[in-house]
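Number 16 in full-length UniProt numbering belongs to position 16 of the sequence shown; there are no gaps in the numbering.
Yeah, the Cβ is synthetic: ideal placement off N, Cα and C, and Gly gets one too.
Step one of this worksheet: look at the structure below.
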Amino acid sequence: MADLKQEIKRRRTFAIISHPDAGKTTLTEKFLLYGGAINQAGAVKGKHNAKHAVSDWMEIEKQRGISVTSSVLQFEYDDYCINILDTPGHQDFSEDTYRTLMAADSAVMVIDGSKGVEAQTIKLFKVCVMRQIPIFTFINKMDRDANDPFELMDEIENVLGIATCPVNWPIGSGKGFRGVYDRNSKHITTFTATASGMKEAASEELPLKNAKKLLTEGEYEKLLEDIELLDGASAEFEQDLVSAGQLSPVFFGSALTNFGVENFLQHFLQMTTSPLPRNSSEGMIDPFSDVFSAFVFKIQANMNKAHRDRIAFMRICSGKFDADKDVYHVQGERKQKLSQPQQLMAQERKIVAEAYAGDIIGVFDPGIFSIGDTVCSPGSKFAFEGIPTFAPEHFARVRQVDTMKRKQFIKGVSQIAQEGAIQIFQEFNTGMEEIIVGVVGVLQFDVLKFRLESEYGVDIRLEKLPYEYIRWIENKDEIDVAKIQGTSDMKRIKDLKDNPLLLFVNSWSVGMVLDRNPGLKLSEFGRE
Ligand code: G4P
Numbered sequence: 001m002a003d004l005k006q007e008i009k010r011r012r013t014f015a016i017i018s019h020p021d022a023g024k025t026t027l028t029e030k031f032l033l034y035g036g037a038i039n040q041a042g043a044v045k046g047k048h049n050a051k052h053a054v055s056d057w058m059e060i061e062k063q064r065g066i067s068v069t070s071s072v073l074q075f076e077y078d079d080y081c082i083n084i085l086d087t088p089g090h091q092d093f094s095e096d097t098y099r100t101l102m103a104a105d106s107a108v109m110v111i112d113g114s115k116g117v118e119a120q121t122i123k124l125f126k127v128c129v130m131r132q133i134p135i136f137t138f139i140n141k142m143d144r145d146a147n148d149p150f151e152l153m154d155e156i157e158n159v160l161g162i163a164t165c166p167v168n169w170p171i172g173s174g175k176g177f178r179g180v181y182d183r184n185s186k187h188i189t190t191f192t193a194t195a196s197g198m199k200e201a202a203s204e205e206l207p208l209k210n211a212k213k214l215l216t217e218g219e220y221e222k223l224l225e226d227i228e229l230l231d232g233a234s235a236e237f238e239q240d241l242v243s244a245g246q247l248s249p250v251f252f253g254s255a256l257t258n259f260g261v262e263n264f265l266q267h268f269l270q271m272t273t274s275p276l277p278r279n280s281s282e283g284m285i286d287p288f289s290d291v292f293s294a295f296v297f298k299i300q301a302n303m304n305k306a307h308r309d310r311i312a313f314m315r316i317c318s319g320k321f322d323a324d325k326d327v328y329h330v331q332g333e334r335k336q337k338l339s340q341p342q343q344l345m346a347q348e349r350k351i352v353a354e355a356y357a358g359d360i361i362g363v364f365d366p367g368i369f370s371i372g373d374t375v376c377s378p379g380s381k382f383a384f385e386g387i388p389t390f391a392p393e394h395f396a397r398v399r400q401v402d403t404m405k406r407k408q409f410i411k412g413v414s415q416i417a418q419e420g421a422i423q424i425f426q427e428f429n430t431g432m433e434e435i436i437v438g439v440v441g442v443l444q445f446d447v448l449k450f451r452l453e454s455e456y457g458v459d460i461r462l463e464k465l466p467y468e469y470i471r472w473i474e475n476k477d478e479i480d481v482a483k484i485q486g487t488s489d490m491k492r493i494k495d496l497k498d499n500p501l502l503l504f505v506n507s508w509s510v511g512m513v514l515d516r517n518p519g520l521k522l523s524e525f526g527r528e
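Encoded structure:
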């Protein structure tokens, strides 16, 4: 069993979160470069040419030109086995982006030094906080004019509400970016711009006391001042707080020029965690246990249109997966072999014979799995805690054009909802005559329309609704929903399980309704 423990111990499974364009793809690519998984920068992404990012690998998406999935990359670095979970941004943003965070043990938050904390980062950050996983900050693009680093720290603390602890500190920015000071070793490393494809950024390292050799008098004085301020004002590094997700170690660098990237990776791998225990119906499941277990966090439908098949993505939570052995699907109550298990290794998909806690596998799904399902070694029957339902931000009333196709319409909408691509709701007082669809990313409406047409032969009409905020009623058993004192922009709806929910146009109305109805408890996440 020594092997099993060692394999699991060396695994690091994390998500990279950021607002689009902060540099997530560039940083991921540089990690792969240092890990030797690719040998040329630029291999991963080709935004401006016909090539797709490696992490943008689904053929069906390429055909549709839509990236509706998050994917995983595995590579080795320095005896670590690293799984990076990609969280798509831009208009690809969807519930899958959130769900991916359920499979991660920690998160790297990439922030553009000239923009600070942006909208999408805030949304993803909230999910990380809910899960209490460690969050590491990489402040990128220091080779460009950046905001004052103290202001950036303040912003992270104020907007995101997490304490920060700079591990290194920038010396200047933009044209005046000279390098970083490592607070631990008390050395400075100077920055030399290199061609973006090169592996190593040529740089020099010196103890602070000799830094005058490399810095101007003014730069040196400013650095000493900054260090004094920092030592007085910023939180001290405490591993326990980092592990509990209460303190974010902060690094400055430039992904494009490779500056500070490998240093960040090394620190990060030491400070982050190997696979974490996960809560189940039988208590915490130890990742190092001999019992294999995994849960489904994403379902990718219709990989091959001719077969209508699906791929279920599973995060292995404990033990070892052996493709030759049966597993027990807890919700389906049956034993089976997982079919065509595969992993994405840097640039290729490959069939896997074995995998360990921390790893992500995609398995062929004939339609039996749902999001949140558990599989484990036969003999065990525990189920992992369900995945929350994340708040959709776009809503539309949906109707089928041909009323004769009612049955196909309901079937299609229900199946697509079951895969987790959309959420469906009804008017509070009526049945299924009218359906309200909620999505996290607006592109999901197009996906819905496309899939209903092509897979179910149903034409639909979508009427966008103005609501942007949805809240679950946490204490629904204690509240008479019909009697809630609402605002003019509030709408009562229910989900398919008859759970009541409230929709709002304005965020301040949420607060208003809470004020008007003492005792009412609202939540941004739904729990099954
Ligand atoms: P994303 O995945 O977070 O959306 O960001 P991505 O890595 O695609 O980076 C967005 C843009 O920012 C890219 O430029 C990229 O080259 C640039 N970039 C990333 N890191 C740095 C950095 O450290 N310094 C500077 N100066 N730029 C950086 P682009 O013009 O949109 O694309 P490309 O033509 O470079 O591919």
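Item, Value
"Find out if the Cβ-Cβ distance for the pair residue 296, residue 370 is shorter than 8 Å.", "yes"
"May I ask whether a heavy atom of ligand 1 can be found less than 7 Å away from the beta carbon of residue 23?", "yes"
"Determine, using beta carbons only, whether residue 357 and residue 466 come nearer to each other than 8 Å.", "no"
"Heavy atom of ligand 1 less than 7 Å from the Cβ of residue 71, yes or no?", "no"
"Going straight from the alpha carbon of residue 29 to that of residue 496, what length do you get?", "42 Å"
"In three-state terms, what does DSSP make of residue 517?", "coil"
"Any heavy atom of ligand 1 closer than 7 Å to the beta-carbon of residue 263?", "no"
"Given that a residue counts as buried once 16 or more other Cβ atoms are within 10 Å of its Cβ, and exposed if not, what is residue 444?", "buried"
"Give a yes or no on whether the C-beta atoms belonging to residue 160 and residue 188 are separated by under 8 Å.", "no"
"Report buried or exposed for residue 72, applying the criterion of at least 16 other Cβ atoms within 10 angstroms of its Cβ.", "buried"
"Is residue 144 near ligand 2, with its Cβ less than 7 Å from a heavy atom?", "In terms of ligand content, the structure shown lacks ligand 2 and carries ligand 1 instead."
"Between the segment 163-173 and the segment 144-153, do three or more beta carbon pairs fall short of 8 Å?", "yes"
"Look up residue 251 in the DSSP assignment and say whether it is helix, strand or coil.", "strand"
"Quick one: complete beta strand (DSSP E) runs, 3+ long, within the segment 306-373?", "310-318, 320-322, 327-329, 334-336, 339-345, 348-351, 354-356, 360-365"
"Just the C-alpha distance for residue 239 and residue 299, rounded to the nearest angstrom, thanks.", "35 Å"
"Quick one: residues in its chain with C-beta nearer than 7 Å to the C-beta of residue 255, no 5 flanking neighbours on either side, listed in chain order?", "23, 26, 27, 30, 140, 261"
"So, helix, strand or coil for residue 179, using DSSP?", "strand"
"Please state if the CB of residue 473 and the CB of residue 502 are separated by a distance shorter than 8 Å.", "yes"
"Strictly by DSSP, which residues pair up with residue 504?", "469"
"Roughly how many angstroms separate the alpha carbons of residue 401 and residue 455, rounded to a whole number?", "16 Å"
"Using only the alpha-carbon positions, how far apart do residue 53 and residue 74 sit?", "Below a pLDDT of 50, predicted positions are generally treated as unreliable, and residue 53, at 40, falls in that range; no measurement from the model is reported."
"List the whole-angstrom C-beta distance separating residue 427 from residue 493, where the pair is believed to meet the contact cut-off of C-beta under 8 Å.", "6 Å"
"Buried or exposed: where does residue 534 fall if 16 or more other Cβ atoms within 10 Å of its Cβ makes it buried?", "Any property of residue 534 remains undetermined from this structure, which presents the chain solely from 1 to 528."
"Could you spell out the range, first to last residue, of the alpha helix (DSSP H) harbouring residue 264?", "261-271"
"How many Å lie between residue 294 and residue 211 at the Cα?", "51 Å"
"May I ask whether a heavy atom of ligand 1 can be found less than 7 Å away from the beta carbon of residue 216?", "no"
"Distance check for residue 155 and residue 230, CA to CA, integer angstroms please.", "15 Å"
"Report whether the distance from the Cβ of residue 140 to the nearest heavy atom of ligand 1 is below 7 Å.", "yes"
"First and last residue of the alpha helix (DSSP H) that includes residue 477?", "Premise fails: residue 477 is in no alpha helix (DSSP H) and is neither H nor E."
"With burial defined as no fewer than 16 other Cβ atoms inside 10 Å of the residue's Cβ, what is the status of residue 423: buried or exposed?", "buried"
"Taking buried to mean at least 16 other C-beta atoms within 10 Å of its own C-beta, is residue 82 buried or exposed?", "buried"
"Which residues in the same chain have their Cβ closer than 6 Å to the Cβ of residue 374, if we skip the five residues on either side of it in sequence?", "295, 330, 383, 384"
"Taking 8 Å as the threshold (beta carbon to beta carbon), is residue 496 in contact with chain D?", "The displayed structure is made up of one protein chain only, and chain D is not part of it."
"Report yes if the C-beta of residue 18 is less than 7 Å from at least one heavy atom of ligand 1; otherwise report no.", "yes"
"For the alpha helix (DSSP H) that contains residue 415, what are its first and last residues?", "406-418"
"Are the beta-carbon atoms of residue 366 and residue 243 separated by less than 8 Å?", "no"
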